[in-house]
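Residue numbers (our numbering), protein chains in the order written: chain A, 6 to 297; chain B, 147 to 577; chain C, 4 to 338.
Ideal Cβ placement from N, Cα and C applies to all residues, glycine included.
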Amino acid sequence: MTTIGLPFPRRARAGNGAGGRLGRASFWIYGLLIAFVLGSAFPFYWSFLVASRDNSMLTERIPPLIPGGNFLANAQRAFELSPFWKALGNSVLVSSTVAFSTVFFSTLAGFAFAKLRFRGRNVLFVFVVATLAVPTQLGIIPLYMAMSEFGWANQLQAVIVPNLVTAIGVFWMRQYTVQAVPYELIEAARVDGCSMIRVFWHVCLPAVRPAAAFLAMFTFMTSWNDFLWPLVVLNADNPTIQVALEKLQSGYFVDYSLVLAGTTLATIPVLIVFIVLGRQFVAGIMQGAVKG
Amino acid sequence: MRQQRRRVFTRTAALAGATMLVAACGGSGGDSAENGGQIELTIGTFTEFGYEKLLTEYEAAHPNIKITHHKTGEGGPYHQTLFTKLGSGSGLDDVQAVEEGHISDVLAKSSLFHNLEEIGPKNVTADRWLDWKYQAGKAKDGSLIGYGTDIGPLAMCYRKDLFKAAGLPSDPEAVKPLFETWDSYFAAGDKFVRATDKVAWFDSSAQIFNAMQNQLDVGYFNRDDKLTIETNPRIRQNWQQVTAAVDRGQSAGLVAFSNEWTSGFKSGSFATKTCPSWMLGVVEESAGPGNNGNWAVTDAFPGGGGNWGGSFLTVPQQSEHPEEAAALAAWLTAPEQQMKAFLAKGTFPSQVKALESKELLDTTSEYFGGVKMGQLFADQARKVTEAQYKGPGDGKIQENVIAPALASVEQGTPPQQAWDKVVADAEKIAR
Amino acid sequence: MTADLDTASSGKQESAAQRVSGGRVPPPGISFRDRLSRWDFKYSPYLYVAPFFIIFGIVGLFPLLYTAYVSLFDWELIEDSPSFVGLENYVLLFSDPQFWRTLVNTVSIFLLSSIPQIIIAILLAAMLNTRLRGPTGWRVGILMPYVASLVALGIIFANLFGPKFGLVNGILETFGLERIDWQANRFASHVAIAVMVNWRWTGYNALIVLAAMHAIPKELYEAAIVDGAGAIRRFFSITLPLLRPTLIFVVVTSTIGGLQIFTEPKLFDAMPGSNNGGSTNQFQTITLYMYQSAFEDQDFGYASAIAWALFVIIILVALINFALTRRLASTGEEQ
Numbered sequence: 006m007t008t009i010g011l012p013f014p015r016r017a018r019a020g021n022g023a024g025g026r027l028g029r030a031s032f033w034i035y036g037l038l039i040a041f042v043l044g045s046a047f048p049f050y051w052s053f054l055v056a057s058r059d060n061s062m063l064t065e066r067i068p069p070l071i072p073g074g075n076f077l078a079n080a081q082r083a084f085e086l087s088p089f090w091k092a093l094g095n096s097v098l099v100s101s102t103v104a105f106s107t108v109f110f111s112t113l114a115g116f117a118f119a120k121l122r123f124r125g126r127n128v129l130f131v132f133v134v135a136t137l138a139v140p141t142q143l144g145i146i147p148l149y150m151a152m153s154e155f156g157w158a159n160q161l162q163a164v165i166v167p168n169l170v171t172a173i174g175v176f177w178m179r180q181y182t183v184q185a186v187p188y189e190l191i192e193a194a195r196v197d198g199c200s201m202i203r204v205f206w207h208v209c210l211p212a213v214r215p216a217a218a219f220l221a222m223f224t225f226m227t228s229w230n231d232f233l234w235p236l237v238v239l240n241a242d243n244p245t246i247q248v249a250l251e252k253l254q255s256g257y258f259v260d261y262s263l264v265l266a267g268t269t270l271a272t273i274p275v276l277i278v279f280i281v282l283g284r285q286f287v288a289g290i291m292q293g294a295v296k297g
Numbered sequence: 147m148r149q150q151r152r153r154v155f156t157r158t159a160a161l162a163g164a165t166m167l168v169a170a171c172g173g174s175g176g177d178s179a180e181n182g183g184q185i186e187l188t189i190g191t192f193t194e195f196g197y198e199k200l201l202t203e204y205e206a207a208h209p210n211i212k213i214t215h216h217k218t219g220e221g222g223p224y225h226q227t228l229f230t231k232l233g234s235g236s237g238l239d240d241v242q243a244v245e246e247g248h249i250s251d252v253l254a255k256s257s258l259f260h261n262l263e264e265i266g267p268k269n270v271t272a273d274r275w276l277d278w279k280y281q282a283g284k285a286k287d288g289s290l291i292g293y294g295t296d297i298g299p300l301a302m303c304y305r306k307d308l309f310k311a312a313g314l315p316s317d318p319e320a321v322k323p324l325f326e327t328w329d330s331y332f333a334a335g336d337k338f339v340r341a342t343d344k345v346a347w348f349d350s351s352a353q354i355f356n357a358m359q360n361q362l363d364v365g366y367f368n369r370d371d372k373l374t375i376e377t378n379p380r381i382r383q384n385w386q387q388v389t390a391a392v393d394r395g396q397s398a399g400l401v402a403f404s405n406e407w408t409s410g411f412k413s414g415s416f417a418t419k420t421c422p423s424w425m426l427g428v429v430e431e432s433a434g435p436g437n438n439g440n441w442a443v444t445d446a447f448p449g450g451g452g453n454w455g456g457s458f459l460t461v462p463q464q465s466e467h468p469e470e471a472a473a474l475a476a477w478l479t480a481p482e483q484q485m486k487a488f489l490a491k492g493t494f495p496s497q498v499k500a501l502e503s504k505e506l507l508d509t510t511s512e513y514f515g516g517v518k519m520g521q522l523f524a525d526q527a528r529k530v531t532e533a534q535y536k537g538p539g540d541g542k543i544q545e546n547v548i549a550p551a552l553a554s555v556e557q558g559t560p561p562q563q564a565w566d567k568v569v570a571d572a573e574k575i576a577r
Numbered sequence: 004m005t006a007d008l009d010t011a012s013s014g015k016q017e018s019a020a021q022r023v024s025g026g027r028v029p030p031p032g033i034s035f036r037d038r039l040s041r042w043d044f045k046y047s048p049y050l051y052v053a054p055f056f057i058i059f060g061i062v063g064l065f066p067l068l069y070t071a072y073v074s075l076f077d078w079e080l081i082e083d084s085p086s087f088v089g090l091e092n093y094v095l096l097f098s099d100p101q102f103w104r105t106l107v108n109t110v111s112i113f114l115l116s117s118i119p120q121i122i123i124a125i126l127l128a129a130m131l132n133t134r135l136r137g138p139t140g141w142r143v144g145i146l147m148p149y150v151a152s153l154v155a156l157g158i159i160f161a162n163l164f165g166p167k168f169g170l171v172n173g174i175l176e177t178f179g180l181e182r183i184d185w186q187a188n189r190f191a192s193h194v195a196i197a198v199m200v201n202w203r204w205t206g207y208n209a210l211i212v213l214a215a216m217h218a219i220p221k222e223l224y225e226a227a228i229v230d231g232a233g234a235i236r237r238f239f240s241i242t243l244p245l246l247r248p249t250l251i252f253v254v255v256t257s258t259i260g261g262l263q264i265f266t267e268p269k270l271f272d273a274m275p276g277s278n279n280g281g282s283t284n285q286f287q288t289i290t291l292y293m294y295q296s297a298f299e300d301q302d303f304g305y306a307s308a309i310a311w312a313l314f315v316i317i318i319l320v321a322l323i324n325f326a327l328t329r330r331l332a333s334t335g336e337e338q
């Protein structure tokens, strides 16, 4: 690394300042990011547009860009036609339980796989990754049989328990921990007489906070948007939000302004979780930066 | 092997039965389910059956019965869940609605459902329904699996303004000769397409083909459940007639119920539409107020009549209270109740008495120029003579083999090549 | 694959791990406390990974073994007496042209989506890794597609890519170009679906990479700057190699997810709710075909055979990708 002295253009260097995360964002970076965020946000805005107008918007060649005045009326109808509040409560309960539990167990298992040595570690880990390759759609029938055997059909456990910890969560936390937690720190804590769980708590956990916050966000959203399995295992009188929203699409003619009003409302709680955990994500990074 | 598997299922079913009781106790806020002679029934429906008020009414008349209504929005996920629960042996409702397109799959598994002629109220007899509807709910062994709810008798919808512009007659009486036979229908199509620019005669070739296919004696399977697709020359003739019409520019090539199809109504991309009773609402919503007065409907249909849509109420073997469930299903499908459902949600009744009721006959549609649609569709319903026998897999061939193949012809695949694929795919489903 | 999914410097770490987890020789006459501590180090790892395996045993392993068993039968979804057919379902599968067609579709959509996706995600992460005003806002912004409900997604993309009235074709025509039949043309349909996939997943992958970038000690960069390394050089010789564990995660998960692609092609079909993947199965994927066989054709045995074939294919491709990624991300370090 010491011999590197390639003549890079002056501007690139100046623009990026100290390099890496120390670099200051240039005009171009802001421009590109704005384009990205607009692209990401467009469908939400578009959904809101349809929800605030009526179906006829969908058949316009060039759709209007200004919201109409029907959003509240459409939202009102969505509330009336589906058990919206109950579904919202169920979904908040299910998604936060699943997110919390997945983060906890995945971090723990990820720590063990990344930093501890035990017989069978590699084999078990490869097994975890291999489970990702199991196509889930076909699991519905045996899983339903298992759930009704446990007496959990139509109960929220049926959508919570299968997701308490996921292979993707374990895999992710393990990969992150490998890189983010130095052995020296574990060693030091160990010399101080810390038990394993305290090492996990005081050394590992703070270091992996950004990854854990990300996993929490991601898991919450996945659970929130899960549709196929809840639809099969839960009854329409005890639904999650996606199952409740499905009801709005009834009849031979789908009223998209109604459906999209419902989906827009259902997105709001996730956005809140998103912003709260997003802050955690950033805070964790900042902390990591201070620690070095 | 066989015995073992059967045992697993029985056990699962028994357990699930117990479970559902527990769930019911826990779920519904402390009702004393079985103790005070209380019976809890569940009913599963999809889209709109118009049963909400009726169920409350039934509970009021039967204080010992409490009904939970499980309503799914779309038919697709509803039937998938239905078959999943049939397959895993538990979780079905006491009364389960089944749509016409899926009834052949249910009838093929008739052992998993109760024979309603056995467990249903004795005063419910075949003469309650139009004969073809009653027969369509019967399995091959003669057991009655489903009580008919509603139907979708076919008529023809057409664009008055476009007909006039193309020099065709546009008055509902005067257009009838055009819709007399399929030959006259396609001939009028040629005339129309020649006279207009960029407007097709019909929306989608699959829609036309299905209507023609449904007029045959048996569907894609004969009564021995052998595939007829190559043995019945009529099927091949229909195919040739429809694909030839596509070739002559008669089809707008829109996939039914897609977004583009909806847009096609609005922009006036086609001039005729095969119209079951429930389609009037779809046309009105899709074409929008801008086309008010442009659409008309007439009580003629090429090749006679036909039916598209409608449902049945079944009682699965899984039910804990089959007789009470059958009694509920019988009550819901009585003419008086189906009339109320019709007034609530427009589901067209299949019961002889309901079809004679004054309220039905006086129903009009403003969007279609104030036509007496109740009378019109009641007449069309009586023109249907016999229920076509549909073997297991019939619906799948229609939806997943014929419809996509015709769409591919509209997209440019040579008809012969598409037909070869139809034969191969149909054989795979029949396997 | 058992060897290591670790970083390259595993030798050093192995020895450290050895020391950490009780590789030390205990002094003679150990106290109870010491023994407790040894047990702690020896057995607690199993305790930590146990929850996953318990849950997986219940909700993952049973369905997996059950489908393996079912795949040996001529088993309808609703069946009282399935008959044992041995490997016949697999024999049928390998001579089924539709299976091969869906395999090609799957691989094509997978390549069209995952390659641009990973490259853009890394670039996006590098951009987000600069000093930005309001960092949370940008992150939330690019992850937003992941929150979008699938219903909304289906409606929106059907509108954008509609062959006759869609916005994309409208734009093409405005520029005097030919309109494209996004449904009928096989390759065009794959492109449209890939756009949908990329829209939904790029931000997600960018944030994963970003989280890993933040864990790279800044001293490394400072030293490199002292040595006179430019931004691009630093990216290739520091950032990329140190991202390796995360890149392996991204590549392996997007391989697995990409080969199981299901939702997007299902939503893309013009026929609502259809599992056909277009009129000639031009964009039907393996998972979609499996789903159709199970729930529409109710051929549960055949669908289970498809599931297992897919499982094996995914494992193979994931292994290849894993090996490639290891080599790719280690070249920088070896310079």
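Counting C-beta neighbours from all protein chains within 10 Å, is the total for residue i 16 or more, i.e. buried, or is it exposed?
{"i": "A206/B", "result": "exposed"}
{"i": "K372/B", "result": "exposed"}
{"i": "P148/C", "result": "buried"}
{"i": "I122/C", "result": "exposed"}
{"i": "P468/B", "result": "buried"}
Using the Cα positions of residue i and residue j, report the straight-line distance between them to the nearest angstrom.
{"i": "R124/A", "j": "D43/C", "result": "14 Å"}
{"i": "S404/B", "j": "E512/B", "result": "26 Å"}
{"i": "G219/B", "j": "T444/B", "result": "31 Å"}
{"i": "I219/C", "j": "S45/A", "result": "28 Å"}
{"i": "N159/A", "j": "F116/A", "result": "35 Å"}
{"i": "S330/B", "j": "C303/B", "result": "16 Å"}
{"i": "P48/A", "j": "I159/C", "result": "7 Å"}
{"i": "Q544/B", "j": "V107/C", "result": "26 Å"}
{"i": "F205/A", "j": "A119/A", "result": "12 Å"}
{"i": "G206/C", "j": "L126/C", "result": "11 Å"}
{"i": "T510/B", "j": "V200/C", "result": "47 Å"}
{"i": "F416/B", "j": "W441/B", "result": "11 Å"}
{"i": "N437/B", "j": "L314/B", "result": "19 Å"}
Beta strand (DSSP E) containing residue i: first to last residue?
{"i": "T105/C", "result": "Run containing T105/C: none in the beta strand (DSSP E); it sits in the alpha helix (DSSP H), 100–131."}
{"i": "R305/B", "result": "292–305"}
I need the DSSP call for residue i, collapsed to helix, strand or coil.
{"i": "I318/C", "result": "helix"}
{"i": "L182/C", "result": "The amino acid occupying residue 182/C in the given sequence is Arg; Leu does not appear at that position. If DSSP states are grouped into helix, strand and coil, R182/C belongs with coil."}
{"i": "F132/A", "result": "helix"}
{"i": "L75/C", "result": "coil"}
{"i": "A578/B", "result": "As displayed, chain B neither begins before 147 nor continues past 577, which places residue 578/B out of reach and without an answer."}
{"i": "F367/B", "result": "strand"}
{"i": "G455/B", "result": "strand"}
{"i": "F192/B", "result": "strand"}
{"i": "L373/B", "result": "strand"}
query = What are the complete beta strand (DSSP E) segments, minimum 3 residues, inside the stretch 212–270 of chain A?
reply = none
ask   = Which ranges does the alpha helix (DSSP H) cover as unbroken runs of at least 4 residues, wholly within the stretch 232–280 of chain C, from first to last along the chain?
value = 234–237, 247–262, 266–271
ask   = Can you list, in chain order, the stretches of the alpha helix (DSSP H) that have 4 or more residues and sit fully within the stretch 465–546 of chain B?
value = 468–478, 481–491, 498–502, 504–507, 519–529
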